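A short worksheet on the structure shown next.
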Amino acid sequence: MQTGRNMANCLRHRGPDDEGLWQDEVYPLLLGQRRLAIIDLSAEGHQPMISASGRYVVTFNGEIYNFQSIQADLEAAGVTFRGRSDTEVMLAAIEHWGLNIALQKLNGMFAIVLWDKQEKQLHFVRDRLGKKPLYVGWSGGALVFGSELKVFKAHPDFAAEVNRETLTLYMRYGCVPAPHCIYKGVWQLPAGCRMTVDVETLAVGQDIAAFIAPYWHHPRVVEDARQKPKPDNDAQALAQFEDLLENAVKQRMIADVPLGAFLSGGIDSSTIVALMQKFSIDRVKTFSIGFEAQGYDEAPFAQMIAEHLNTDHHEMYVSAQDALDVIPKLPQIYDEPFADISQIPTYLVSKFARQHVTVALSGDGGDELLGGYNRHISAPEIWKRSAWMPKKMRQFIQNRIYARSIEKWDKFNPKQPQFGERLYKAASMLSHDTIEQAYVDLTSKWNDPAAVVLNATEPMDYMRDPSWQPAGLNPAEKMIYGDMLSYLPNDVLTKVDRASMAVSLEARAPLLDYQLFEYAWQLPLDMKVRYGQGKWMLRQVLNQYVPEQMFIRPKQGFAVPVDEWLRGSLRDWAEDLLDEKKLAEQGYLNVSMVRESWARHLAGDGREAHKLWTVLMYQSWLGSA
C-alpha cells in the first residue's frame, strides 16, 4: 500500500486537491489517484470510484465534456446519481451500456483504467485524439500503469533501461511516438486505443503491446467520413462547422473553478476566445506572454484581439533568462526526452495562467483540423512544381539554398518571421521521390537516426505503417492526416499536457473535439485550404467577431530563438552535454556525428539547431534519469 501511495504522490502536480487508493480484496491490484477537482468539488467526486452495483472500479484522468447529456439519457432510463461528477456519469454509462458502447458515447479527454470485478479484466483506454497520456509496463513482476513515467521510477523493482530502438524514433521526431516508450518493457497507449488484460492469464513480462487495439481507428474514421454526403455549398458547410465548434466551446466552459484561455492573437486561439466571450456573462480571462526577441513576440497581436473582444487580458513579458531558467526543469516535467522548443513558452504561459485560473482553453488542434501548417499549403505546391525536374537539378537548387545560413535568409526577407527556417524546410523536399517521404523528412530532426544511435535499428511507427494509411488522399490531405496521426498526439499534445499539468492547470482544446475532426474529413480540401491559406472555415467564423486585418499575417508559431542561444548563453551548457568523452562513456550516440553537427552549427549552419536540441534534451534527460 505504501508503494502505491508513493507512486500516486509522484503525480501530486497533476492532482493537488485529493488523493485516493483502492485495493482489491482478492487480487493483488491497487488503483491510485491524484485529483485536480474541476467538476463537483465535493467528496462525491473522489477517486478511485466504485460503480453503483460494485462491479466496476475506475481511476480516471481528464474530463467527459458531454457528461450532462449522457446523464440525462441515463436518468430517463431510471438511473439515479448521488453527486454531480463526470466520473460517476461515466461509470454509470459503462454499467448501463457496457464499455464498448459507452466509449462511443463519451466525448472528452481521458486516460481510463477500469477494473471489472466480474470478468476479472483490467481495461486501459485513451481518448480518441490523445490529449491525456497513459503508460503501461513491467516493473519486475508487477504490471504498473500511470499518467507519467514518474510512477514507474517510484516502484522499487523498476529497471530504467533505455530502449535503443525507441531512441532512434526520438532522434527522428524529437518526441517518442506511441506505442513506444523510452524505457524497455513499457508502452504508451496510442490515441484512440484501448487494451484489456485478464489478470488470471497474464504472464509476467508478457509483451502487452499485443493487446492494444483501436476503438477509433484513424484511417477508418477518415475513409468513413469521406463516404458521407458533402455539404451542398459553403454556407451549409460553415453553418454545420460553426454549430459543432460552438457546442465544443460551450461544453469545455463547464467548470466549478476559475476558467480562462490562452490567447496568442492567432486565428485558432482568437476564435476560441471570441466564442467564449459570446457565451460568457463576464469578461473572459485571457493570458499571453511576450518575448523581447524580434520575430518571436506575439504579445502585441494578442493585446489587440483582447481589446477588441473586451476580455480581461493578462500579459507578461519574459526575458531570455526567464526562458533559459526553465531548461533544467524540462527532464522532470517531461519524464521522457522531448525536444519541441516551444515546450519552454508553453510552460511559462501555463505557469502564468495558473496564478489566476485552474482551467484554460486553448486553440490547439486548428492546424491539424483544417490544414493550417505551411507544409499543408506549400509542400504540395512545391511537390507539384518540382516533380518534373531531374533529381540532380532538384539537388542543385537544394544545395544553393543550404549554402546560405538560416540567419542570412532571415535578413534577406526580414518581413517574414522565421523565413530562413521555412525556406530550409521547403528545400528539404527536393531530394525525395514520394510525398510520403517528404512528409517524414519535414517532421524529422535527424533523417538518419539509426546512424546517430549506436547498436540500434529504427522500428516501424504508425506514420510508415501502411495499415494506418487511409486510401485516396491527395498530397495535401496526406500531410494533414500525418499530423493528426502522429505530430498532434506525440508532439503537440504531449507538450501541452506536461507543461500545463506541471503547474496543476487543466488545458482544454475545443478544436480537438473528435466530432469536428470527423466532420472536417467529410469536407473537400478547398473548404480547409483556399487562396493559398489554411483554416479557411475557421477564418470565416473568426471574421464575424474580429476584423480580418487583425489576424491576417504570416504564421509565426510559439517558439524561442534556439539557434542564437546555442551560440551564446547556452553554449557552455551545450558544450558540457556534448563533451566527446561523456558521449563516448555513455555509449548511446555516434560521437562524430553529434560533434560534427555541433561544429557546423557554431560555424553558422542553420540546419543543425533542431537536431542538436534533440540531442541536448536527451543528454539532459539521461543525466537526470
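Under this note's numbering, residue 626 is the last one in the sequence shown; the count climbs by one each step, no gaps.
For every residue, glycine included, the Cβ atom is placed at its ideal position computed from N, Cα and C.
These figures come from a predicted structure and were not determined experimentally.
Supposed contact pair residue j and residue i - C-beta distance, whole angstroms, cut 8 Å
i: phenylalanine 125; j: methionine 196; result: 4 Å
i: lysine 286; j: glutamate 201; result: Contact flag wrong, Cβ pair sits at about 51 Å.
i: glycine 5; j: leucine 22; result: 6 Å
i: tyrosine 174; j: aspartate 117; result: In fact, because the Cβ distance is near 35 Å, the residues do not count as touching under 8 Å.
i: alanine 340; j: tryptophan 614; result: 5 Å
i: leucine 144; j: leucine 203; result: 7 Å
i: glutamine 620; j: leucine 578; result: 4 Å
i: arginine 36; j: glycine 16; result: 4 Å
i: phenylalanine 212; j: valine 223; result: That pair is no contact at about 25 Å.
i: proline 232; j: glutamine 241; result: 6 Å
i: methionine 430; j: isoleucine 383; result: 5 Å
i: alanine 303; j: serine 265; result: 6 Å
i: leucine 517; j: leucine 245; result: 5 Å
Span of the beta strand (DSSP E) around residue i
i: valine 137; result: 136–140
i: valine 90; result: That residue, valine 90, is in no beta strand (DSSP E); its alpha helix (DSSP H) goes 87–98.
i: threonine 197; result: 194–199
Proximal residues to residue i (C-beta, below 7 Å), its chain only, five neighbours per side dropped
i: leucine 543; result: Ile268, Ser271, Thr272, Ala275 and Phe552
i: aspartate 606; result: Ser406
i: serine 320; result: Glu293
i: proline 479; result: Looking at the sequence shown, residue 479 is not proline but lysine. Counting only Cβ-Cβ distances below 7 Å, and skipping sequence neighbours, we find Ile436, Glu437 and Tyr440.
i: alanine 477; result: Gly372, His377, Pro381, Leu526 and Val530
i: leucine 584; result: Leu590, Val592 and Val595
i: glycine 533; result: Ile378
i: leucine 42; result: Asp257
Residues that DSSP places opposite residue i in a beta bridge
i: isoleucine 290; result: Met317
i: tryptophan 188; result: Val137
i: valine 126; result: Ile113 and Arg195
i: valine 454; result: Leu590
i: glycine 21; result: Gln34
i: glutamate 507; result: Val360
i: methionine 50; result: Val59
i: valine 163; result: Tyr184
Terminal residues of the alpha helix (DSSP H) in which residue i lies
i: tyrosine 57; result: Element bounds for tyrosine 57: not the alpha helix (DSSP H) but the beta strand (DSSP E), 57–65.
i: tryptophan 410; result: 407–413
i: valine 177; result: Unbroken run through valine 177: none, as it is neither H nor E.
i: alanine 143; result: Not the alpha helix (DSSP H): alanine 143 falls in the beta strand (DSSP E), residues 143–147.
i: glutamate 26; result: Element bounds for glutamate 26: n/a, residue is neither H nor E.
i: tyrosine 619; result: 610–625
i: serine 5; result: The question names serine, yet the displayed sequence has glycine at residue 5. From DSSP, the alpha helix (DSSP H) with glycine 5 extends over 3–10.
i: leucine 513; result: Unbroken run through leucine 513: none, as it is neither H nor E.
i: aspartate 580; result: Note, aspartate 580: premise wrong, no alpha helix (DSSP H); not H, not E.
i: valine 441; result: 436–443
i: methionine 502; result: 494–502
i: lysine 446; result: Segment: none, lysine 446 is in no alpha helix (DSSP H) and carries neither H nor E.
i: alanine 428; result: 420–429
i: alanine 78; result: First-last for alanine 78: undefined, no H or E at that position.
i: lysine 151; result: 151–154
Cutoff 8 Å; reference residue i; Cβ partners in own chain excluding five residues on either side
i: cysteine 182; result: Tyr136, Gly138, Leu150, Asn164, Thr167, Trp188, Gln189 and Glu337
i: glycine 473; result: Glu224 and Arg227
i: glutamate 609; result: Ser598, Trp599, Arg601 and His602
Residue i Cβ short of 7 Å to the ligand FAD heavy atom set
i: arginine 83; result: The model on display carries no ligand, and the ligand FAD is accordingly not part of it.
Neighbourhood of residue i by C-beta, 6 Å cutoff - its chain only, sequence neighbours within 5 removed
i: glycine 131; result: Ala192, Pro490 and Leu494
i: glutamate 422; result: Ile407
i: glycine 186; result: Gly138 and Trp139
i: serine 351; result: Ala500, Ser501, Val504 and Leu506
i: methionine 594; result: Val453
i: aspartate 411; result: Phe420 and Gly421
i: arginine 355; result: Val504 and Leu506
i: valine 90; result: Phe68, Ile71 and Gln72
i: tyrosine 348; result: Val327 and Ala500
i: valine 152; result: Met8 and Cys11
i: glycine 366; result: Ala510, Leu512 and Leu513
i: isoleucine 625; result: One point to set straight first is that residue 625 is serine, not isoleucine, in the sequence displayed. Within the same chain, serine 625 has close Cβ partners Pro332.
i: histidine 314; result: Thr287 and Ala307
- Task: Give, in chain order, every unbroken run of the alpha helix (DSSP H) that is at least 4 residues long and sits entirely within the segment 520–563.
- Result: Listed in chain order, the complete alpha helix (DSSP H) runs (minimum 4 residues) inside the segment 520–563 are 537–543.
- What residue ranges within the segment 305–392 form continuous beta strand (DSSP E) runs of no fewer than 3 residues, ordered along the chain? 313–319 and 360–362
- Could you name each continuous beta strand (DSSP E) segment of 3 residues or more that falls completely within the segment 244–284, going from the start of the chain to the end? Scanning the segment 244–284 from its first residue to its last, the whole beta strand (DSSP E) runs of 3-plus residues come out as 260–263.
- Every unbroken beta strand (DSSP E) within the segment 201–248, with a cutoff of 3 residues, ordered by chain: 213–215
- Enumerated in chain order, which unbroken segments of the alpha helix (DSSP H) with a length of 4 residues or greater are wholly contained in the segment 459–483? 476–483, all fully within the segment 459–483.
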